[in-house]
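A.B. asks:
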Amino acid sequence: MEKPTSTRKSVDDSDDLAAIRKSIMEFNQRKLELEVQKNWDRFYKRNKTAFFKDRHWTKREFVQICPDISWEVMHRYLLVCVLMLSIFRFIDMFTSLAILECGCGVGNLIFPMLDYFPKIFVYACDFSSNAIEYVKNNGSFDPKRCATFVCDLVESDLLRYLEKDSIDIVTMVYMLSAVNPKKMISVLKNIAKVIKPGGSVIFRDYAIGDYAMHRFGSDRKLSDQFYVRQDGTYAYYFSEGIIYKRADCICLCLLLENLVELFRQCCFEAKSCYYVRRETVNRKINLVVPRTFIQGRFIKS
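Under our numbering, think of the first position of the sequence shown as 214, with each following residue one higher.
#1: Exposed or buried, L469, counting other C-beta atoms within 10 Å across all chains shown (16 or more means buried)?
#2: Below 8 Å, how does it come out for the region 372 to 384 and the region 312 to 323: are there three or more Cβ pairs, yes or no?
#3: When DSSP builds the beta bridges, which residues end up paired with R490?
#4: By the three-class DSSP mapping on this structure, what secondary structure does P325 have?
#5: Kindly give me the distance between the Cβ atoms of V386 and R417, rounded to whole angstroms, as I take these residues to be in contact under 8 Å.
#6: Taking contact to mean 3 or more Cβ pairs, one atom from each stretch, closer than 8 Å, check whether the region 356 to 363 and the region 327 to 338 are in contact.
#7: Identify every residue that forms a DSSP beta bridge with V383.
#8: Identify, in the order they occur along the chain, each residue of the same chain with its Cβ nearer than 8 Å to the Cβ of S514, setting aside the five sequence neighbours on each side.
#9: Relative to the C-alpha of E368, which candidate in E346, K402, G352 has its C-alpha closest?
#10: Taking only the alpha-carbon atoms, compute the straight-line gap between S452 and N499 and give it to the nearest angstrom.
#11: In the DSSP assignment, the alpha helix (DSSP H) including K406 goes from what residue to what residue?
#12: Out of curiosity, what's the CA-to-CA distance linking D365 and P331?
#13: Buried or exposed: which applies to T505, given that a residue is buried once 16 or more other Cβ atoms fall within 10 Å of its Cβ?
#14: Run through the DSSP bridge pairs and tell me what S485 is partnered with.
#15: Check each candidate in V441, S436, V489, K395 and name the one with the smallest Cα separation from L475.
#16: Figure out for me which residue from V319, S413, S353 has the closest Cα to the Cα of A344.
#17: Could you check what DSSP says for D432 in three-state terms: helix, strand or coil?
#18: What is the C-beta distance between I333 and L371, in whole angstroms, given that I count them as a contact (C-beta under 8 Å)?
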């Protein structure tokens with residue numbers, strides 16, 4: 214029996230509405246992609262250097278991320294208060310290091326690193342020209358120890374700024390989550406060009422379960438685990454993966470499958486990768502906020 218005309222029209226109207234919504238969503242995403250650099254410039258112009266705190270946790274976390282190296286430190290320097298040493302202190306005693314900080318912002322990681330580790334040289338890049346200007350205008354900035362440049366790590370070839378296989382360590386701290394997940398592999402392939410074989414990527418970023426993720430409304434969701442903030446900047450939350458047995462120890466490590474596979478496709482081996490869970494306490498309003506991150510170390514093969 215043929216369906217009533219009114220029912221068929223209702224179905225057609227519903228399909229048309231869905232197509233219109235999809236078209237609007239695709240248009241908005243294209244617009245966001247075109248304006249993402251402008252949005253980050255506005256972010257730093259508005260917040261200046263006050264939004265993020267300096268990341269003085271770096272030394273402690275690097276020891277945890279690189280347990281193989283810190284264990285070697287214990288053997289070599291037990292008599293000189295080895296617990297005060299870190300991966301960088303150990304390497305400092307033998308050689309200088311070239312470090313690339315991707316998504317440096319206003320220098321919240323750069324300046325603590327330069328303070329802790331006197332022999333390193335840092336190359337710092339960011340999407341935002343405003344952020345780079347704040348780094349260069351910082352009273353602690355020393356052009357003899359730090360070079361800055363504006364760079365879109367998705368579109369710009371890092372070989373325009375750095376020599377091939379010239380970087381010892383790359384730091385990516387809350388940087389990759391600001392990239393469209395479809396383009397993350399382009400960032401890692403770009404980095405792979407300039408990091409030395411055997412060099413390390415030190416990684417820290419947001420993970421599913423973080424309090425900030427649950428604050429997004431449904432209208433802010435672009436795709437699974439991928440959101441846009443009110444200011445037009447992106448936020449991606451990396452997901453839980455599989456139980457993986459590391460080759461160099463008998464323990465089981467909870468890895469983030471999509472992240473590890475992403476690095477693997479770009480010739481990086483996961484040395485370590487795990488969750489970091491913290492609580493932020495706001496005593497004024499008696500609020501405890503759960504924060505969830507991932508961090509790890511990836512070695513270029």
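Beta carbons are placed, not taken as given, at the ideal position from N, Cα and C, and that holds for glycine. Values in this document were obtained by computation on a predicted structure and should not be read as measured data.
C.D. replies: Quick answer:
#1: Note that L469 scores 48 on pLDDT, short of 50, meaning its location in the model is unreliable and no value can be drawn from it.
#2: Between the region 372 to 384 and the region 312 to 323 there are three or more inter-stretch CB-CB distances shorter than 8 Å, so the stretches are counted as touching.
#3: Under DSSP, R490 takes part in a beta bridge, and its partners are T505.
#4: When DSSP states are grouped into helix, strand and coil, P325 belongs to the helix group.
#5: That pair is a contact at about 5 Å.
#6: They touch, by the three-pair rule.
#7: As computed with DSSP, V383 is found in a beta bridge with L313, V414.
#8: The beta carbon of S514 is closer than 8 Å to those of P410, C480, F481, E482 in its chain, skipping five residues each way along the sequence.
#9: When each option's Cα is compared against that of E368, the closest is K402.
#10: For S452 and N499, the distance between alpha carbons rounds to 29 Å.
#11: Counting along the chain, the alpha helix (DSSP H) containing K406 begins and ends at 397 to 407.
#12: So the two alpha carbons sit approximately 28 Å from each other.
#13: Taking a 10 Å sphere around the C-beta of T505, we find 16 or more other C-beta atoms and assign the residue as buried.
#14: As DSSP reads the structure, S485 sits in a beta bridge with R510.
#15: Nearest option by C-alpha distance: K395.
#16: Per the Cα distances, V319.
#17: The answer is helix: DSSP assigns D432 an H, G or I state.
#18: Contact between I333 and L371 is absent: CB atoms are separated by about 19 Å, not below the 8 Å threshold.
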